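Have a look at the structure below before the remarks.
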Amino acid sequence: MSKRLLAALFIISTSFFMVQHAFNVSWDFSVFFLNSRYLLFNHGFFEIRRPPLPAFLMFFGEYFYIFFVSLVGLYACVKFSNRYSLNPVVFYSLILSPYVLFTGFAVGTEFLTLALTLLLFTYIKDELSGFFFGLSFLAHYTNASSVIFLFFKRDWRRIIGSLLLAFLVIAPWFLFNYWFKADPFYSFWDSYAQNVSSRSYYDMSFNLFDLLIVSSFLFPLFLVGLSRFRRDSFIDWLMLFFFLVRLGNYFFIPLKIPRYLFGVVIPVAYFSAKSLNRFNYRASLVVASLTIIFSAFFYSPLFYLESPSIYTDNLVHFNDSCMVMSNAWPFLNYYGVDSGPSPRKQLVVDYLNQGYTLVFFKHIRDPSYPLNESFISSLPVSYDSYQLVVLSNESVCLPSYSYNLSYIEEMNNTYHELHNSSFSFTIWDLLKSEE
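All residue numbers for the sequence shown refer to the numbering used here, where the first residue is 106 and numbers rise by one.
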């Protein structure tokens, strides 16, 4: 009976993930797929700041990635449940909360990170935990904070063994970075510079509603489970500590959005499952199912992904043989148009004179100058609609090329173009820019 229910949950959730991907388009998922094509064929768009594991898993295609990662998630839930005396069907159903269903694959890495973290906790007392930590780091760099869990062992030899295994897993990516950018940690630094240092101006405060969005209607069950906290339980302490670590990560980053609290799904599901232990098997399933169904209806309007048609239907409105710069460059690259990020407002005229075509989709608010009608009207507009505006100098066309500059290189180029200077930022300059 349990195996059939697990299989049914897996088929339903995986089908949902695939249908979601078929009818929607995601910025980050698109970039990971493009990175996989670059790593396979050494050609095309590439962002070095992205961790490599999702791209490697997409070698066999996007839907293979979704199926495989969903299968790993099922395996991880079952192993974790068996290790810590939980009902695997109940725990798996709680893991598949509305927030996980709507966002687990929407950006490419969240469900993968969840599965690998569960496996890290399953084997936390063994050297194999280092293997899963290494993979989780290569799935999402924010998982670096999970290295602390490799020290949750009484035998120092196992600690060293797990650290060594983690290093062996991550080392090939370090070697690639050294070969590609002459710095083994370049991808990590570039990601930090773009995602943390450059966003320090946000300085957003802690938002309790973000936690409620992630935990959904499991939050009351989570509180009930916490009320039954056992001081002599290793896993209870582990889940509580992990919950606090994820809250701490969220608290100290400048840009605070629900996605950055995704990791708390694990302790929320664990303590929720624990709160249902007092019920019999069928009653637990009913409570879990009703909670998920009710919260799914309530939360579904909060999650919206874009339809591919807004991009595919508009490809005919500009000449893609000329190099394109756009505020939707990952999507355009995904649909076969070589493109890079839109230039600063001060450089728009220079880019047009060089032969670039500038394509701005109006629903994307960054940068804001494409919405300035007086500014746009002073430029050569080749197409304008409620969805996008296209700027181009018809007398010159710069042939398209594959764009693969890092964020740090982009900042240096922009500085050179704005100030006509040969000065170059180092990695450390950009890392210190948040101070």
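Glycine included, C-beta positions come from ideal geometry on N, C-alpha and C.
It should be emphasised that the depicted structure is a prediction, and the values quoted were computed from it without experimental measurement.
* Asked: By DSSP, does G166 sit in helix, in strand, or in coil?
  -> coil
* Asked: With C-beta atoms as the reference, is F150 less than 7 Å away from N438?
  -> yes
* Does the distance from the C-beta atom of L224 to that of P156 stay below 7 Å? -> no
* State buried or exposed for F543, treating a residue as buried only when at least 16 other CB atoms are found within 10 Å of its CB. => The structure shown does not extend to residue 543, since the chain is modelled only from 106 to 540, so the question has no answer here.
* Is it the case that the Cβ atoms of K258 and I264 are separated by a distance below 7 Å? -> yes
* Asked: What is the C-beta distance between F185 and E167, in whole angstroms, given that I count them as a contact (C-beta under 8 Å)?
  -> About 27 Å; that fails the 8 Å criterion.
* **Distance cut-off 6 Å: P289 Cβ against heavy atoms of the ligand SAH** => Questions concerning the ligand SAH fall outside what the structure shown contains, since it holds no ligand whatsoever.
* **CB contact flag (L374, I253, <7 Å)** => Checking the displayed sequence, the identity of residue 374 turns out to be Ala instead of Leu. Contact: no.
* Does the Cβ-Cβ distance between S474 and M430 come in under 7 Å? -> In the sequence as displayed, the identity of residue 474 is Tyr instead of Ser. No, these two residues do not count as a Cβ contact at 7 Å.
* Asked: DSSP state of E539, grouped into three classes?
  -> With a pLDDT of 48 at E539, under the threshold of 50, the predicted position of this residue should be treated as unreliable, though the coordinate-derived value follows. Coil.
* With DSSP run on the structure shown, which of helix, strand or coil describes M428? -> coil
* Cβ neighbour criterion (16 or more within 10 Å) applied to L407 -> Low local confidence applies: a pLDDT of 45 at L407 is under 50, so the model's placement there is unreliable, and no value is given.
* Start and end of the alpha helix (DSSP H) containing T417? -> 414-417
* Asked: Looking at C-alpha atoms only, which residue of K450, N458, S507, E411 is the closest neighbour of D133?
  -> E411
* Asked: Skipping 5 residues on each side, what residues in its chain have a beta carbon closer than 6 Å to that of G209?
  -> E215, F216
* **alpha helix (DSSP H) segment containing V350, residue limits** => 339-357
* Asked: Assuming T119 contacts S202 under a Cβ cut-off of 8 Å, what Cβ separation, rounded to an integer in Å, is found between them?
  -> With 8 Å as the limit, T119 and S202 do not qualify as a contact, their Cβ atoms being about 16 Å apart.
* To do: Say whether the stretch 418-430 touches the stretch 444-462, bearing in mind that this needs 3 or more beta-carbon pairs closer than 8 Å, one atom from each stretch.
  => yes
* Between the CA atoms of R154 and D341 - distance to the nearest angstrom -> 35 Å
* Asked: In chain order, which beta strand (DSSP E) runs of at least 3 residues are fully inside the stretch 433-502?
  -> 444-446, 462-466, 486-489, 493-496
* Asked: With 16 other CB atoms within 10 Å as the buried threshold, where does L457 fall?
  -> buried
* Asked: Taking the DSSP output, what are the residues bridged to E232?
  -> E232 is not bridged to any residue.
* For the stretch 108-185, list the beta strand (DSSP E) runs that are entirely contained and at least 3 residues long, ordered along the chain. => none
* Asked: How is P406 classed by DSSP in three states: helix, strand or coil?
  -> For P406, the pLDDT reaches just 46, beneath the cut-off of 50, and the residue's location in the model is therefore unreliable, leaving the point undetermined.
* Asked: What span of residues does the alpha helix (DSSP H) with T214 cover, start to end?
  -> Note, T214: premise wrong, no alpha helix (DSSP H); not H, not E.
* Between which two residues does the alpha helix (DSSP H) harbouring I264 extend? -> 261-286
* From the DSSP output, read off the bridge partner residues of P85. => No statement about residue 85 is possible, as the shown extent of the chain runs from 106 to 540 and does not include it.
* **Alpha-carbon spacing of S505 relative to P277, whole angstroms** => 32 Å
* To do: Mark L496 as exposed unless 16 or more other C-beta atoms lie within 10 angstroms of its C-beta, in which case mark it buried.
  => buried
* Buried or exposed: which applies to R351, given that a residue is buried once 16 or more other Cβ atoms fall within 10 Å of its Cβ? -> buried
* Element boundaries [alpha helix (DSSP H), containing N300] -> 291-300
* Do F348 and V329 have their C-beta atoms closer together than 7 Å? -> no
* To do: Measure the alpha-carbon distance for L145 versus R335 and round it to whole angstroms.
  => 49 Å
* Asked: By a C-beta neighbour count over all protein chains shown, 10 Å radius and 16 as the cutoff for buried, is D260 buried or exposed?
  -> exposed
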